[in-house]
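Enquirer: Pasting a structure here, questions to come.
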Amino acid sequence: MQSPVPERRPQSFDRVLSSMCTEPHPAARRAAERFLATNPGDPATYPTVAELERETIAGLADLTGLTDAVDGTDADFGSLGYVTSGGTESNIQAVRAARDRADAQSPVVVAPESAHFSFHKAASVLGVDLRTVPTDADGRADLDAVAAAVDDDTALLVGVAGTTEYGRVDPIPALSDIAVDAEIPLHVDAAWGGFYLPFSGHDWGFEVDGVSTVTVDPHKVGQAAVPAGGLLSRERSTLDSLAVETPYLETASQASLTGTRSGAGVASAAAVMDELWPDGYRAEYDCAMELATWLADRLRSRGLDVVDPELPLVAFDLPDSVFADLRGRDWRLSRTGADEARIVVMPHVTEASLSAFLADLDDCL
Ligand code: 0PR
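Numbering-wise (this note's numbering), the sequence shown opens with residue 234 and increments by one.
Right, here's the structure in full:
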């Protein structure tokens, strides 16, 4: 007789230093379980999860400055955004909306080379050209290069608020000036940085006039369960342009890219944002930024070259053999394109785990 298949367990987060996702907050976990069998893609059948999605978008609207930006108008946040499957879907949809509304025959998206690879997927899927421009010495969009790249074919300009590799924040107000001058929309990808940025002092969201759309993911720093991404737009017409008719559903149209969607993701985002926004997230930001600065100091004191952290992400030079040894000791560490090691200080990363990492690093060095 066959022995029963042993129950598999996921990895522990103790040694995960490279992930941009984290352990869901307990409130998110409970809500995800309750709403496992619901589908926000069919709001007429699952009205409670549809209501939770509106609450999530209202929360994300606060966080991105959209609530203030549309203040006084008859804002219905349900028509200004939706909960996506993640940053990739949000970025694809932002590019799609811009492509469909552009006059250009051969629409081009202009983005800094630091933009996430999801923009390459978007360009490929949507048949637009992606024109990437260099970043400056510090890893932010080079404004002269951006201005030179924008022309009559440009359908969308992209800025990144919290780059994947270095956690850099592009100069969004200056990118906005370029976009407004050229009369093109500006999309801000804050998929990872979005839940830190309200507390960092940057201008990055809808408080900047030229910002048309924003990606911000509850399933990253927001501590929701995967999948829960976010796409928000200043104008209702963006989501309208994405919507297709849904003849056999009890609702008339659907703006999301996917059909059936995760009610667990939506419910978990609503629950954790209700619990943590804004004070809990502010405390997370303060703690993570303090830890990142502390870690950068400790690495420098060992003679390593460290990229100064702007958000809680630390990149530093590390010999290949040491990197391999640390991976061998189960540290989940990743590398930038330029081969630096990078540590993403997510909510599950603590002083204790970083101290254990530094002890192993000393051993390997
Ligand atoms: N935009 C930015 C700035 C990102 O950093 C990411 C993902 C995306 C968009 C795409 O988001 P989704 O992955 O939700 O579609 N950045 C990380 C990456 O792709 C995500 C990640 C998550 C990496 C968990 C590792 C990991 O364990 O590298």
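The beta carbon of each residue, even a glycine, is placed where N, CA and C say it ideally should be.
The structure displayed is predicted, hence computed values, not measured ones.
Is any heavy atom of ligand 1 found at a distance shorter than 7 Å from the C-beta of residue 445?
Expert: Every heavy atom of ligand 1 is 7 Å or more from the Cβ of residue 445, so no.
Enquirer: Any residues whose CB sits closer than 5 Å to a heavy atom of ligand 1? List them in chain order?
Expert: So the residues near ligand 1 by this Cβ test are 252, 253, 254, 319, 320, 321, 349, 351, 397, 422, 424 and 425.
Enquirer: Just tell me which of 325, 311, 347 and 360 has its CA closest to the CA of residue 340.
Expert: Closest by alpha carbon: 360.
Enquirer: Report yes if the C-beta distance between residue 466 and residue 518 is below 8 Å; otherwise report no.
Expert: Their beta carbons are not under 8 Å apart, which means residue 466 does not touch residue 518 by this criterion.
Enquirer: Looking at the unbroken alpha helix (DSSP H) that takes in residue 336, where does it start and where does it end?
Expert: That residue, residue 336, is in no alpha helix (DSSP H); it is neither H nor E in DSSP.
Enquirer: With DSSP collapsed to three states, give me the class of residue 518.
Expert: Helix at residue 518.
Enquirer: Quick check on the burial criterion: 16 or more other C-beta atoms within 10 angstroms. Buried or exposed for residue 274?
Expert: So residue 274 ends up on the buried side.
Enquirer: Which of the three DSSP states, helix, strand or coil, is assigned to residue 398?
Expert: Coil, per DSSP.
Enquirer: Quick check on this structure: which residue in 468, 589 and 288 has the alpha carbon closest to the alpha carbon of residue 302?
Expert: The shortest C-alpha separation from residue 302 is found at 468.
Enquirer: Please look up how many angstroms separate the CB atoms of residue 388 and residue 417, rounded, as I've assumed it's under 8 Å.
Expert: Yes, residue 388 and residue 417 are in contact; Cβ-Cβ is about 7 Å, under 8 Å.
Enquirer: Drop a sphere of 10 angstroms on the beta-carbon of residue 350, count the other beta-carbons inside from all chains shown, and report buried for 16 or more, exposed for fewer.
Expert: Result: exposed.
Enquirer: Using 8 Å as the Cβ pair cut-off and three pairs as the minimum, do the region 304–317 and the region 518–528 touch?
Expert: In short, these stretches do not touch, since the Cβ pair count stays below three.
Enquirer: According to DSSP, is residue 561 part of a helix, a strand, or is it coil?
Expert: The answer is helix: DSSP assigns residue 561 an H, G or I state.
Enquirer: Do you know how far the Cα of residue 250 is from the Cα of residue 576?
Expert: In a straight line, the C-alpha of residue 576 is about 5 Å away from that of residue 250.
Enquirer: Of all the CB atoms in chain C, is at least one closer than 8 Å to the CB of residue 404?
Expert: As a matter of chain content, chain C is missing from the structure shown, which is built from one protein chain.
Enquirer: Would you grab the beta carbon distance between residue 471 and residue 448 for me? Rounded to a whole angstrom, and I think it's under 8 Å.
Expert: Going by Cβ atoms, the distance from residue 471 to residue 448 rounds to 13 Å, so no, they are not a contact pair.
Enquirer: Mind checking residue 544: buried by the 16 CB within 10 Å criterion, or exposed?
Expert: That one is buried.
Enquirer: Entirely within the region 419–470 and at least 3 residues each: give me those beta strand (DSSP E) ranges in chain order.
Expert: Entirely contained in the region 419–470, the beta strand (DSSP E) runs reaching 3 residues are, in chain order, 419–422, 444–448 and 462–466.
Enquirer: Can you check which of these residues, 371, 325, 378 and 569, is closest to residue 352 by C-alpha distance?
Expert: Nearest C-alpha to residue 352: 325.
Enquirer: For residue 522, I'd like the list of residues in its chain whose CB is within less than 6 Å of its CB, leaving aside the five on either flank, ordered along the chain.
Expert: 545, listed in sequence order.
Enquirer: Taking the Cβ atom as the reference point for each residue, do residue 475 and residue 330 lie within a distance shorter than 8 Å?
Expert: In this structure, residue 330 lies closer than 8 Å to residue 475 by Cβ.
Enquirer: Using a Cβ-Cβ cut-off of 6 Å (strictly less than) and excluding sequence neighbours within five positions of residue 579, which residues of its own chain qualify?
Expert: Counting only Cβ-Cβ distances below 6 Å, and skipping sequence neighbours, we find 255.
Enquirer: Please identify the residue among 510, 591 and 488 whose C-alpha is closest to the C-alpha of residue 534.
Expert: Of the listed residues, the one whose Cα sits closest to residue 534 is 591.
Enquirer: May I ask which residues mark the beginning and end of the beta strand (DSSP E) holding residue 544?
Expert: Segment: none, residue 544 is in no beta strand (DSSP E) and carries neither H nor E.
Enquirer: Taking contact to mean 3 or more Cβ pairs, one atom from each stretch, closer than 8 Å, check whether the region 263–277 and the region 493–507 are in contact.
Expert: Segments in contact, yes.
Enquirer: Taking just the CA atoms, how far does residue 460 sit from residue 512?
Expert: Answer to the nearest angstrom: the Cα atoms are 24 Å apart.
Enquirer: Label residue 483 either buried or exposed according to how many other C-beta atoms from any shown protein chain fall within 10 Å of its C-beta, with 16 as the threshold for buried.
Expert: The residue is exposed, with fewer than 16 neighbouring Cβ atoms inside 10 Å.
Enquirer: For residue 258 versus residue 509, is the C-beta distance shorter than 8 Å?
Expert: In this structure, residue 509 lies closer than 8 Å to residue 258 by Cβ.
Enquirer: Could you tell me the distance, in whole angstroms, from the CA atom of residue 401 to the CA atom of residue 336?
Expert: Computed Cα separation, rounded: 32 Å.
Enquirer: Roughly how many whole angstroms lie between the Cα atoms of residue 395 and residue 236?
Expert: One C-alpha to the other measures close to 48 Å.
Enquirer: Just reading off the alpha helix (DSSP H) that residue 593 is part of, what are its end residues?
Expert: Its alpha helix (DSSP H) spans residues 584–597.
Enquirer: Nearest to residue 263 by alpha carbon, out of 570, 504, 582 and 480?
Expert: Of the candidates 570, 504, 582 and 480, the one whose C-alpha sits nearest the C-alpha of residue 263 is 504.
Enquirer: Any idea what DSSP makes of residue 486, helix, strand or coil?
Expert: Reduced to three states, the DSSP call for residue 486 is strand.
Enquirer: Considering only C-alpha positions, which residue in the set 424, 411 and 481 is nearest to residue 375?
Expert: Among 424, 411 and 481, the Cα nearest to that of residue 375 belongs to 411.
Enquirer: Just to confirm my understanding: we take residue 538, look at its own chain, exclude 5 residues before and 5 after, and list those with CB closer than 7 Å. What are they?
Expert: Hits under 7 Å: 549 and 550.
Enquirer: Under DSSP, the beta strand (DSSP E) around residue 365 begins and ends at which residues?
Expert: Unbroken beta strand (DSSP E) run through residue 365: 362–366.
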